[in-house]
Structure formats: structure tokens, C-alpha cells
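Line by line, the protein sequences give chains A and B. Here the first sequence stands for residues 1 to 248, numbered as in my numbering. Here the second sequence stands for residues 1001 to 1248, numbered as in my numbering.
Number of protein chains: 2
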Amino acid sequence: MVTNISHQGKGSSNSCSHCNLKKICFPHGLSASELSTFESSVDQTVKLQKKQKLYSRGDTLKSVYAIKAGSIKTYLSTSKGQSQVLGFHMPGDLLGFDGFADDTHSSDAVAMEDTILCELPLANFENLCEVLPGLRKVMMQQVGSEINRHHSLVLTLGQMQTEERLATFLLRLSCYYQKRGFSCVQFNLPMPRHDLANFLGMAPETLSRMFAKLEKQQVISIQRREVTILDMDGLLNLSHEMCTHDVA
Amino acid sequence: MVTNISHQGKGSSNSCSHCNLKKICFPHGLSASELSTFESSVDQTVKLQKKQKLYSRGDTLKSVYAIKAGSIKTYLSTSKGQSQVLGFHMPGDLLGFDGFADDTHSSDAVAMEDTILCELPLANFENLCEVLPGLRKVMMQQVGSEINRHHSLVLTLGQMQTEERLATFLLRLSCYYQKRGFSCVQFNLPMPRHDLANFLGMAPETLSRMFAKLEKQQVISIQRREVTILDMDGLLNLSHEMCTHDVA
DNA sequence: AAAGATTCATGATAAATATCAAGCGATATA
DNA sequence: TATATCGCTTGATATTTATCATGAATCTTT
């Protein structure tokens, strides 16, 4: 299968210990000595321009990636040309687990804006797992988090009405920003309405109406992509999730 | 947190090499020598009666389980008493990944009928990963499969209409039985309508109507829980999934 | 700055699905 | 055997959401 990936200039070796995401990204769980062993194996930085693909369905799994800057959208396509956004991934997030079943990616990943990623080649990863028990642990935690996020998304799509889906999404995004040291009451949506509507399983028009509804209730205000949460409790009341408040 | 688990009589040590699921269950991917090391660590058999819980949300993750006989339903609950079925798990399936993020189960698992499971305590598992590279590999494959199943479920709930959801579900179940050597055109639904409707994100009445609709189209026939697929191509036409046909 | 394209919002209408209500048949219980 | 209960189906209706159509606002390109 032909791949569309073209890594725009691979950077130099990375240093997790000097990374500004070191409190967020997954190597955070490693001990100091483990980290120094680990760092030398995250051998490359991958740069993608907006709309460039990181991988496509059917591609062989070569590496796991951590987002350093920018954002990535993952999605699934059907035989009839429909698609379903699986997630919006931001700095500190890990990508590539969709390929573990059979070493082949089952989803597509595309840059939503210019994006920089750290690349951890799978061969290195397997060797490292041999010698770093902490890495195995941290990896399983990451996998567990991903599974929990999926569970939460299934609950959202399966049980909630459109207004509640949006409220739940906004709350998760809010928590996500808070964890990264940004404001949890004012932030930008990193994706267009079209993608968000698809992710939330509704028509774009419905999403628009739900934004309008939340605004009329004075729960949020939104201008283009800038969201301000005016009434956090109100938003929480609209969402009935068993809040662990992981990110979407 | 109080747990409702009461393991009804732990059995003796298991032998994967003599298990009738050895072609299906995950240790299948291990080499002969790895398997013998592995077997001794799957130290217990857990027996559950119908409706008994294997674990609940909030319980500490102690073990990973493989289903030997019977079936398990996993589900998530919301603060308002709603719930969402996450999956119906059958012999050969692995359970417990929902607890990896923070060593705490985030979902509930309950026996849909009298069920027997193999228990792999986490402590053993971590030690084994140290010495068995194949186990790490197989485990990551299992995790990858679980993630792929979730992706597929998200697609189903997010994009498909009720008829297509049901058609897709029946096809997956059919493949599942086929892989296990059973008929792929005639089989029993292991769950009541109520649970299936919840899993598929629709009202039980809607599920009934969709079954009726598929019957009228002569695509299936169904009596209580016994399904016969009359027109496999017809069913495939109703489902637009990019078929990897993993199980639901 | 003008023209075109894109993104988003909103109204009117149609379609899908949930809810409410009733009843049927199988199984369990007395 | 009679009775109650449970799981399921089916009909009538209400609600939610999608679709279609239009237009405004923003961004891009010339």
C-alpha cells in the first residue's frame, strides 16, 4: 500500500527531560535512570504540515508517536465514504495503538494544523520494554487511559442526547486544558464545526443549534472557535457522566 | 470500597495446552516453551453464577481474566442511573483492560449465565512480561484488538442508523461463531433484547421493530433468541462497515 | 479591494426514533 | 392448574434530529 506520509525534515534526537511537556507526556512515569535510557530511543522528530497524514488505514505500524506541538485528528472510514472522527489529539497525547492488533493501522491520522511529533520506533520500543519495567507499566497505563476514553465516548454516543453530548465534550476539553496549565473557562476549539459534529455523532446544523441553545441558557458564550464557560455548574448539570474527566 | 465478588470455589491450576480454546485464546501466540512457563501462572479458575459480578467500577485491578465458558457483560453507569453496555464477552475473550489506567476498574462486569474464567493475577503477569517477550507481544495484540473493537463500536453508534447497527452486530456475531467452529448462519443471541438494545444505543422497541424489518425482508429469521441468517449478502448490503469482522 | 470559497447559523420541513400503552406467550410461582 | 411475572412485540403518538434551503460572516486569492 502506498503511503502518503512524507516526513518534512526529521529533527535531532529528543530530550524528554528538557521537554516542556515532561509533566504531561507519558515518560513522566519513568524513573530518572529509566528516562535517560528511554530518551535516546525517541530518535526522531516528525513535522507535519496542516492536512498532511501521519498514517493511513492499512499502513504498517512502524512507530508510536507523541505529539509535541499542534494537533492530530484520527478517524475511521466506511466503504460508503462516510467517516467517524475517533479523537482529537493534542500535545502530550500518544498515537498508534490502533495498529497493535496486527501491526497495521486501522485508522487514519491527519494533522489539523502544523504539528511536531516525537517518534518512537517500534523496534526500539520492544527492546526497551525488555529492560525498562517502568516503561511497560507506563505503556499499559496509557493503553488503559485510551480504553477508558473510548468507553466514555461510547457512553456519550449511545446514551446522551445532542445537548448533553456537547456539554460533556466541553467539560472534557476544559479539564484537558486545565491539566496543561491553561484556562479551563476560556479556550479555543481546535477543530471546525464539521469535525466536532461528526465526532459527536450529529449533523453540523444540530451542533450549531446546540451551541446556540447553550448560549441562550447563558452557560457558555462562543465566538467562532473561542469558547467561554460562563456557568460551570450549569454545564455540569447538563452532563450526567460519571466524571473522571479525562480528555476526549 | 466494598466488593461484591465472591468467587464460588477456585479450581485447580489450568492447562492452556489442554484447553479446548487453545486455538482461540490469547496464549495461542506463545511458543511451546513460553506457554509452559505461562500456564503455571494462570493459577486459578473463577466460577460465577448468573448475575454475579466479576468486578465493579472502583474495584482495584487485581487480575486479568480469560473466559473459559459462559459469557460476561461489561457496562458503564452514569450518575443518573443510566447505563451503557460496552460489550458481551465470550469464551476466549480477555477482560480487565479497563483497569490499567490507574489500577482501578472503570466499568462493571457481570456474568450473563454461569461462567468459568481463568484468572491471571497482575503480579504474576508483570513478572512474566519480564521473561516472556512473546507474552508482551500477545498482550499488546489483545489490547490492539480491543481498541479496534471500540473504534468499530464508535463508528456504529456515531454514524449508523438502527437497522444498519443491528445488521452490523449480527454479522460480527456470525463471524465470531464461525471463528470458534460454530455455524455462522444459525446461532443463539446470548443476551436479552434489553441488553442488546442498550449496547446498540436504541430503545428495546426499536430493536424489536428492526428485527421484524429484517425478517420481512427475508434476510434473517428469529425465534426468541435463535437467529438464522437467510441471506448473508443481503445482510452485508445493509452494513457498510469496512469489514475486518472482529467480534462485537 | 473585489471575487470566490469556506464556515457557520438559522428557518422550514421531513424522517427517524423514543415514548406511551396494550397485549401476547413463555416461564416461574403458588 | 391457576396466576403472576417477565421478555418481547406491536400500534399510536410525541419528540428529537436530519435534511434542505438560504444567507451572513470570515477568510483566501487575485
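For glycine and all other residues, C-beta sits at the position ideal for the given N, C-alpha and C.
How would you call residue i, buried or exposed, if buried means at least 16 neighbouring beta carbons within 10 angstroms?
i, result
"residue 1215(B)", "exposed"
"residue 123(A)", "exposed"
"residue 105(A)", "buried"
"residue 101(A)", "buried"
"residue 1039(B)", "buried"
"residue 233(A)", "exposed"
"residue 6(A)", "For residue 6(A), the predicted model reports a pLDDT of 44, less than 50, meaning its position is unreliable; a value from the coordinates is still stated below. It counts as exposed."
"residue 126(A)", "exposed"
"residue 148(A)", "buried"
"residue 1019(B)", "buried"
"residue 208(A)", "exposed"
"residue 1172(B)", "buried"
"residue 1174(B)", "buried"
"residue 1009(B)", "With a pLDDT of only 44 at residue 1009(B), under 50, the local geometry of the prediction cannot be trusted, and the value read off the model is given with reservation. That one is exposed."
"residue 17(A)", "exposed"
"residue 247(A)", "Only weak support is given to the placement of residue 247(A): the predicted model assigns it a pLDDT of 36, under 50, and the value that follows is read from those uncertain coordinates. With 16 or more other Cβ atoms within 10 Å, it is buried."
Check whether the Cβ atoms of residue i and residue j sit closer than 8 Å, and answer yes or no.
i, j, result
"residue 167(A)", "residue 238(A)", "yes"
"residue 59(A)", "residue 121(A)", "no"
"residue 146(A)", "residue 188(A)", "no"
"residue 78(A)", "residue 1155(B)", "yes"
"residue 1151(B)", "residue 157(A)", "no"
"residue 1200(B)", "residue 1219(B)", "no"
"residue 71(A)", "residue 90(A)", "yes"
"residue 143(A)", "residue 97(A)", "yes"
"residue 128(A)", "residue 41(A)", "yes"
"residue 53(A)", "residue 108(A)", "yes"
"residue 249(A)", "residue 103(A)", "With chain A represented from 1 up to 248, any question about residue 249(A) goes unanswered, as that position is not in the structure."
Using only CA atoms, which one of the options lies nearest to residue i?
i, options, result
"residue 1025(B)", "1070(B), 1047(B), 1034(B), 1092(B)", "1092(B)"
"residue 37(A)", "131(A), 140(A), 88(A), 76(A)", "131(A)"
"residue 169(A)", "42(A), 76(A), 88(A)", "88(A)"
"residue 110(A)", "174(A), 191(A), 201(A), 220(A)", "191(A)"
"residue 1206(B)", "1050(B), 1053(B), 1107(B), 1165(B)", "1165(B)"
"residue 180(A)", "68(A), 128(A), 49(A)", "68(A)"
"residue 136(A)", "85(A), 198(A), 54(A), 31(A)", "31(A)"
"residue 1183(B)", "1140(B), 1090(B), 1229(B)", "1229(B)"
"residue 1035(B)", "1048(B), 1015(B), 1046(B), 1045(B)", "1015(B)"
"residue 1204(B)", "1162(B), 1064(B), 1086(B), 1113(B)", "1162(B)"
"residue 197(A)", "1198(B), 1209(B), 1159(B), 1133(B)", "1159(B)"
"residue 1066(B)", "1213(B), 1178(B), 1240(B), 1028(B)", "1028(B)"
"residue 82(A)", "195(A), 55(A), 223(A), 212(A)", "195(A)"
"residue 224(A)", "138(A), 73(A), 186(A), 202(A)", "186(A)"
"residue 33(A)", "84(A), 153(A), 133(A)", "133(A)"
"residue 1202(B)", "1017(B), 1057(B), 1085(B), 1073(B)", "1085(B)"
"residue 141(A)", "1221(B), 1099(B), 1073(B), 1213(B)", "1099(B)"
"residue 21(A)", "177(A), 222(A), 231(A), 193(A)", "177(A)"
At a threshold of 7 Å, does residue i count as lining the ligand SAM (C-beta to nearest heavy atom)?
i, result
"residue 1042(B)", "Of ligands this structure carries none, so the ligand SAM is not represented either."
Contact check, residue i vs residue j under 8 Å by CB: the rounded distance?
i, j, result
"residue 1240(B)", "residue 23(A)", "With 8 Å as the limit, residue 1240(B) and residue 23(A) do not qualify as a contact, their Cβ atoms being about 43 Å apart."
"residue 965(B)", "residue 1046(B)", "No statement about residue 965(B) is possible, as the shown extent of chain B runs from 1001 to 1248 and does not include it."
Task: chain A contacts from the segment 1138-1161 of chain B (Cβ-Cβ distance under 7 Å) - done: 1140, 1141, 1143, 1144, 1145, 1146, 1147, 1148, 1150, 1151, 1153, 1154, 1155, 1157, 1158, 1159
Any residues in the segment 92-106 of chain A with a beta carbon nearer than 8 Å to a beta carbon of chain B? Which ones, in chain order?
-> 97, 98, 99, 100, 101, 102, 106
| message | Output needed in chain order: residues of the segment 1112-1137 of chain B with a Cβ under 9 Å from some Cβ in chain A. | response | 1126, 1129, 1130, 1133, 1136, 1137
What are the residues of the segment 1177-1208 of chain B that lie near chain A, defined by any Cβ-Cβ distance shorter than 7 Å? Answer set for the segment 1177-1208 of chain B: 1201.
- request: Compile a chain-ordered list of the residues in the segment 50-81 of chain A whose CB is closer than 7 Å to at least one CB of chain B.
  value: 76, 77, 78, 79, 80
| query | Just by C-beta distance, which residues in the segment 29-45 of chain A are closer than 7 Å to chain B? | reply | Residues are counted here when their Cβ sits less than 7 Å from a Cβ of chain B; for the segment 29-45 of chain A the count is zero.
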